[in-house]
Amino acid sequence: MRATLPFPCLQAVCAVLLSSACTFAMAEDPPARVGRISTVEGQVLVRAGDGEAQNALLNWPITTDNRLSTQRGALAEFRVGAAAVRLDGDSELEVSELEDDSFKAHLGYGTVSVRVRNPDALRGFELTTAQARVTLTQPGWVRIEAGRQPGTSVVSVLEGAADVDGATGSVTLRAGKRAELTDDALRTGALHRVAFDHWPEALPAAAPALRYVTDDTTGYEELDRYGAWHEDAEYGPLWLPSTVPAGWAPYSDGRWTWIAPWGWTWVDNAPWGYAPSHYGRWVLLGHRWGWAPGRDRGRVPWAPALVGWVGGGHGPQQGARPGVGWFPLSPHDRYVPGYRASADYERRINRVVEGRRAVAGERERRAGMSMLPGERFGAQRTVDVPRRNRTSMPPPVMQSLPLSTAPAPAGNWQRPFDAPHGDNGFRRDWVNRPGRLQTDDGQTHMAPRPMQPNRPPVPAQPQQPPIPAQPVMPAMPTLPPVQDQVGRPGWRGEQRPHAERPQPRPVIERPFDARGVERGGPGRSSRMQETEH
């Protein structure tokens, strides 16, 4: 007689299998949220994993396992959707986890302020120091200091409210309050304003861009300052940049950098170039380019670059040097990632394409193509793209170039070989698969698999003069960030001192309750509700 499972057991088994399948599918997807360096003033360094620190650039992507450090007198800001994180001079912050619904950071030393406008941006947010763990309970503004006084962390709430947990107790701080935490005590008192708090918030309360995109679209705050919106009958809302030279095309002025797990990632030189490079599509109307975020304002995943690749080891047959080219995808081109992703991820990242009718010749034009020699991509992890690097090939030659991918760099990965595994065993430093591009004709074009890169880090080379063909990455982008005085530092009206540290604070007495019992003393673990008196 064949054994059978009782119906409740069968239901439990099916639920476990379904949950495992969903977990497996979700584990394949890279993070849908990636931050952006929005302000750099002075010497600011960024490091990924155990890699070497390099000068931070405007629009540089910030993701899990990134570390930012500022020298004395420097300032830096990075944004993740509607959240702004700012570092004062002589500070170091590690982004330990940045996923779809998780944002965790650790302040090693220095001063950082976090300002969150949207409640959705609070999902999974947590900032820690050696003495404290801080979570925001509502949109607001908090400043955190670590190591300014030895063995002490200070949490100050300027707006909203925050929960602060320490070794000896917990407290909920309201606006205008602060807490000092050591390994042995937790003290509360009134907020002390410092010069760092006067860095103005340039983000308008009602940005016109938010009528067309959500505030999950990192970099949206720059769009209204550098362009205008136009409603198109075919493509819906279009954003037209107003500060580009004649003959400009998307993805033509910046640099390519290899970031795991996505692979080649575009870093644009224009201050507004982040959102249009990683979301939506581009449209050529006559001789002017417009960015189409799509009619649906839903949340879409971040992409390293929405381009189609051509060439690689293949070149035109007119004796030209083989090269690698790329062109911006239109709303009629489906982007199929070259990195591991689920079918649901691909559907969401192509939401702007859904429901579009086919346009004859849209793919064949490949407008806005740029090209570099193929060996530039295989030699190093960052490839500078000079301005006006447009190809002058005739349209039939550009059309004949096969769809392909740029070769992976030979070494100098941004994450170490022993990258952490998830609970399901998947690595976070996935190797890129061949890139694919699906167009309106319904065909999916596959490229040859790129060579496997050498994973061990490249040993440090002796100092050599820069080679003209491969210039050293500048400390600031070639196109300087044109930001007004309200939007970036310079707000004090005087030169910033190079060694600005807060003055020693008076000792704050621990508050006592009506019975004379000290609150927050050693051994207390219950949460206190701090209110203004």
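The numbering of the sequence shown is our numbering, which starts it at 143 and goes up by one.
Glycine included, each C-beta is placed from N, C-alpha and C at the ideal position.
CB of residue i within 8 Å of CB of residue j, strictly
i	j	result
residue 332	residue 311	no
residue 258	residue 269	no
residue 419	residue 377	no
residue 404	residue 549	no
residue 480	residue 543	no
residue 106	residue 322	Since the first residue of the chain shown is 143 and the last is 675, residue 106 is not available in this structure.
residue 447	residue 407	yes
residue 426	residue 510	yes
residue 518	residue 541	no
residue 229	residue 210	yes
Identity of the residue in the options nearest residue i by Cα
i	options	result
residue 93	434, 315, 323 and 276	Beyond the ends of the chain as shown, which are 143 and 675, falls residue 93; an answer cannot be given.
residue 380	396, 431, 363 and 404	431
residue 279	528, 316 and 184	316
residue 182	413, 302, 397 and 296	413
residue 260	271, 283, 428 and 390	283
residue 212	295, 192, 235 and 191	235
residue 336	220, 188 and 300	300
residue 512	470, 438 and 488	470
residue 251	263, 290, 275 and 281	290
residue 367	354, 487, 349 and 373	349
residue 401	351, 484, 359 and 551	551
residue 180	263, 363, 356 and 281	363
residue 516	374, 218, 465 and 482	465
residue 214	359, 253 and 514	253
residue 439	352, 453 and 486	352
residue 358	482, 263, 429 and 190	263
residue 387	375, 429 and 354	429
residue 281	298, 302 and 354	302
residue 343	485, 330, 219 and 525	219
Helix, strand or coil at residue i [DSSP, three-state]
i	result
residue 192	coil
residue 357	coil
residue 208	strand
residue 391	coil
residue 520	helix
residue 269	strand
residue 471	coil
residue 247	strand
residue 420	helix
residue 384	coil
residue 655	Its pLDDT being 44, under 50, residue 655 is placed unreliably in this model, and the value from its coordinates should be taken loosely. Reduced to three states, the DSSP call for residue 655 is coil.
residue 542	helix
residue 232	coil
residue 410	strand
residue 429	coil
residue 351	helix
residue 98	No answer is possible for residue 98: the residues shown for the chain start at 143 and end at 675.
residue 264	helix
residue 340	helix
residue 373	strand
residue 477	strand
Own chain residues within Cβ distance below 6 Å of residue i, not counting five before or after
i	result
residue 610	With a pLDDT of 43 at residue 610, under the threshold of 50, the modelled position of this residue cannot be trusted, and the question is left open.
residue 416	178, 201 and 361
residue 124	Since the first residue shown for the chain is 143 and the last is 675, residue 124 is missing from the structure and cannot be characterised.
residue 618	With a pLDDT of only 31 at residue 618, under the threshold of 50, the placement of this residue in the model should not be trusted; the figure read from the coordinates follows. For residue 618, where only same-chain residues beyond five positions count, there are no Cβ hits under 6 Å.
residue 304	276, 278, 284 and 315
residue 196	none
Rounded Cβ spacing between residue i and residue j (contact assumed at less than 8 Å)
i	j	result
residue 451	residue 545	7 Å
residue 238	residue 247	6 Å
residue 449	residue 473	Actually they are not in contact, since the Cβ atoms of residue 449 and residue 473 sit about 14 Å apart, beyond 8 Å.
residue 203	residue 227	Rounded, the Cβ-Cβ distance is 14 Å, inconsistent with contact.
residue 249	residue 206	Residue 249 to residue 206, Cβ: 16 Å. No contact.
residue 325	residue 527	Contact doesn't hold; Cβ gap of about 50 Å is too wide.
residue 320	residue 334	7 Å
residue 216	residue 185	5 Å
residue 397	residue 409	5 Å
residue 208	residue 188	6 Å
residue 441	residue 356	6 Å
Min CB distance residue i to chain C below 8 Å
i	result
residue 260	Of the protein chains in this structure there is only one, and it is not chain C.
7 Å Cβ shell around residue i - same chain, five flanking residues per side excluded
i	result
residue 174	242, 443 and 444
residue 436	378, 422, 493 and 494
residue 328	308, 310, 311, 313, 321 and 662
residue 374	380
residue 487	171 and 443
heavy atom of the ligand ATP below 7 Å from residue i C-beta
i	result
residue 329	In the structure on display, the ligand ATP does not appear, and there are no ligands present to speak of.
Neighbourhood of residue i by C-beta, 8 Å cutoff - its chain only, sequence neighbours within 5 removed
i	result
residue 273	288, 293, 294, 295, 308, 309, 323, 324 and 325
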